[in-house]
Amino acid sequence: MQDSPLQSLLEAEKIIFNFTGIYKGNDREKDILKKLRQFIFLGFSWLLEISLIILVILELKDLSAIIGPLMLLIQQTAFVSKLFIFLSNERQILMLEAKLENFAMHEFVVSDKIIMQKDLKQISILGQAYRLSCVLCCIIFTVGPFVNKHYKEYEFPLPGYIPYVVNSKFKYAITCVCQMFSFYIAGGLNSSLDIFCCKLMEVASSLFQILDRQLNTIGRSDIQNQGEHFKKCVSFHNDILKYIKMVEDVYSYIVFSQFAASAIVICTTAFEIASLPISTGELIASLMYLLNMIIEVGLYCFYGHHIQTMSDGLCSACYKSQWYKTELTVKTMVIIFMENNKKPLTLRAGKMVPLHLTTLTMILRTSYSYFAVLNQVYQNNNY
């Protein structure tokens, strides 16, 4: 299938990963340069992480002073964790790519190609919009302090511990560039990791839709060998299940680390907006950050829920087909297939938390509970 949309689906993310050196793919040329780029980008990520950790420890007694740095620290920790897990799963990701290539070579009919092109185009557009939103959030966050009318001399765009005295414009400029570069790395790579996973999940949903159509054709008069046709459907279904298992193995703990961080980050961001005196620029940046955090979790939950919905529809597709016109052996195979698919197919973060929309609701409720407690503690300390 030369014109398969699967072949170009992950190109944007792979370009970013290759540029930062965190993923080599099948290209092993110039390995030293990629390792150097990886060292630079990971080094800046760790510098931002360590800087935030030290600042939070030093300001631990002042809740209003650490709430902003704490918010960034938790998200940065989640990002570094996701990056480490991604790097440790390079072999599995290569196997996923090979699996996608196998699906791309599958002989789909025109209607199947249309289904796939529509679904993958939607996730590509949504992914670009999400990445643009993350970049815009990073720009607002880092540029905001400079346009603030209460801007102080040598005030940095991001909170963090600086181990040296900044008393010259040169030192200030270098420090600002390093901070902003580290933050943009986190925003760009983190969003790419999210989009990469969502695209992989949407491929599974699209393949389930194609399988649904194929199961609907059971018993049709234009299919000569019904038994062979159904066996191909079962084989295709097994390939999809293996693919989903591979995606879950790679991304299970990546998503879990994001979920664990998101509940706290959404809480602290909401607390900063509602309870602390902040300027208009900081308010816009915090609102943008809060929105992106909810979207980030929502994407995982939505596409995980979509896979479960598409999987649940396979039994209905078999039942709605003309299975009753087939031979007894085919009828038996159809019944066994339907019985085996009664259990919902659910992707899980950390092998525990199901990826569906009720989980998003649970995270938002948990965040609100944390927010209520934090707000009460802050008010009690002020009276």
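Just so you know, the numbering used here puts the end of the sequence shown at 401, numbered straight through with nothing missing. Using N, Cα and C, we set each Cβ at its ideal position, and we do this for glycine too.
Do residue i and residue j have their C-beta atoms within less than 8 Å of each other?
i: PHE201; j: PHE159; result: yes
i: SER210; j: ILE34; result: yes
i: PHE205; j: CYS155; result: It should be noted that the sequence gives Gly, not Phe, for residue 205. Yes; because the gap between Cβ atoms is below 8 Å, this pair is in contact.
i: ARG149; j: ILE213; result: yes
i: TYR179; j: LEU76; result: yes
i: GLY245; j: GLU345; result: yes
i: PHE226; j: MET328; result: yes
i: LEU233; j: LEU332; result: yes
i: ASP230; j: ALA116; result: no
i: LEU308; j: ILE282; result: no
i: ILE103; j: ILE272; result: yes
i: HIS323; j: LEU363; result: no
i: VAL352; j: PHE274; result: no
Between which two residues does the alpha helix (DSSP H) containing residue i stretch?
i: SER200; result: 187-234
i: ARG55; result: 49-76
Report, in whole angstroms, the separation of the C-beta atoms of residue i and residue j, which I expect to be a contact under 8 Å.
i: THR38; j: LEU207; result: 6 Å
i: SER223; j: TYR321; result: 7 Å
i: PRO87; j: PRO175; result: In fact, because the Cβ distance is near 13 Å, the residues do not count as touching under 8 Å.
i: LYS369; j: SER270; result: 6 Å
i: LEU24; j: LEU118; result: 5 Å
Reducing DSSP to helix, strand and coil, say where residue i ends up.
i: MET19; result: Because MET19 carries a pLDDT of 41, less than 50, the predicted location of this residue cannot be relied on, and the following value inherits that uncertainty. MET19: coil per DSSP, three-state reduction.
i: ARG149; result: helix
i: PHE127; result: The displayed chain sequence assigns Val, not Phe, to residue 127. Here VAL127 sits in coil by DSSP.
i: PRO87; result: helix
i: VAL371; result: strand
i: ARG411; result: Lying outside 19 to 401, the shown extent of the chain, residue 411 is not represented and no answer is given.
i: ARG238; result: coil
i: ILE143; result: helix
i: ILE34; result: helix
i: ASN107; result: coil
i: SER280; result: helix
i: LYS249; result: helix
i: LEU176; result: coil
i: ASP267; result: helix
i: VAL395; result: helix
i: ALA122; result: helix
i: TYR388; result: helix
Ignoring anything shorter than 4 residues, give me the alpha helix (DSSP H) runs that lie fully in the region 285-364, in order along the chain. Runs found: 298-338, 346-358.
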